[in-house]
Amino acid sequence: MAVGIILREGGAVEFLERWFSDEIDIRLDHSINQQIVEFIKSHKVQTVVTPDRIIGCPHEEGIDYPEGESCPQCPFWADRDRWTGELIQ
Numbered sequence: 136m137a138v139g140i141i142l143r144e145g146g147a148v149e150f151l152e153r154w155f156s157d158e159i160d161i162r163l164d165h166s167i168n169q170q171i172v173e174f175i176k177s178h179k180v181q182t183v184v185t186p187d188r189i190i191g192c193p194h195e196e197g198i199d200y201p202e203g204e205s206c207p208q209c210p211f212w213a214d215r216d217r218w219t220g221e222l223i224q
């Protein structure tokens with residue numbers, strides 16, 4: 136799960152936190168969800184926008200794995216568009 140805080144409309148992400156788990160679906164973990172709520176509250180967020188589905192793996196190209204390659208930890212996304220989830224031919 137990644138949560139980015141933008142302070143001004145049209146601005147860049149100023150604060151970013153990520154939560155990971157190899158064992159559980161963190162969307163269903165009460166403790167992690169509480170941490171996310173506290174992170175949002177700590178920045179006095181007024182509006183929240185969230186997608187209606189998972190949008191790609193949580194790892195960053197060029198940081199967590201080499202640019203131009205697929206994430207080795209998330210083979211599901213290797214041949215998929217991160218925004219639509221559709222297979223790329």
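Heads up: the sequence shown begins at 136 in the working numbering, then just goes up one per residue.
Yeah, the Cβ is synthetic: ideal placement off N, Cα and C, and Gly gets one too.
Query                                                                                                                                                  : Result
I'd like the list of long-range same chain contacts for D199, defined as Cβ closer than 8 Å, with 5 residues on each side in sequence excluded.        : C206, Q208
Answer yes or no: do I175 and V183 have a C-beta to C-beta separation smaller than 8 Å?                                                                : yes
Any chance you could list the alpha helix (DSSP H) runs of at least 4 consecutive residues sitting entirely within the region 156-185, in chain order? : 165-177
Check for me: the beta strand (DSSP E) holding G139 runs from which residue to which?                                                                  : 137-141
Do L151 and the ligand COA come close, with the Cβ less than 7 Å from some heavy atom?                                                                 : As far as ligands go, the structure on display features none, and thus does not contain the ligand COA.
Express the C-alpha separation of W212 and E195 in angstroms, rounding to a whole number.                                                              : 12 Å
Relative to the C-alpha of D187, which candidate in N168, H178, G220 has its C-alpha closest?                                                          : G220
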